[in-house]
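Enquirer:
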Amino acid sequence: PIKTLGVHRLRVALHPAVVVTVNVNVARSEAEAQVQAGGGAPVPEQFFEEGAVPQPDAEDEADQDAPEPEDGA
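Under our numbering, the first residue of the sequence shown carries the number 954, and numbering increases by one thereafter.
#1: Val965 bridges to which residues according to DSSP?
#2: Could you check which residue in Asn978, Arg964, Glu985 and Val988 has the C-alpha nearest to that of Lys956?
#3: Our contact map puts Asn976 next to Arg964 with C-beta atoms below 8 angstroms; I'd like the distance itself, whole angstroms only.
#4: Tell me, which residues are paired with Val979 by DSSP?
#5: Between which residues of its own chain and Val972 is the CB-CB distance below 8 angstroms, once the five residues before and five after are set aside?
Right, dumping it as structure tokens:
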């Protein structure tokens, strides 16, 4: 089992002839996962307060501000 925060590469055998590598992102929050996915390091636990979330980069925030497409459009 993976017990440390961060992005980990795993080899998964789907079939004897089919082996893929996947990235698993272990984080305490969605915001922390976004920081890690962008190459940032996880926030050390002693700095992670209950309810606090790391802030994503400004570039990530711009993506979040874009309106969601409506269904059926």
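Note that beta-carbon positions come from the ideal geometry of N, C-alpha and C, so glycine has one too. Quantities reported herein were computed from a predicted structural model and do not represent experimental measurements.
Expert: According to the structure shown:
#1: Val973
#2: Asn978
#3: That belief does not hold up - the Cβ atoms of Asn976 and Arg964 are roughly 11 angstroms apart, past 8 angstroms.
#4: Gly959
#5: Arg964, Val965 and Ala966
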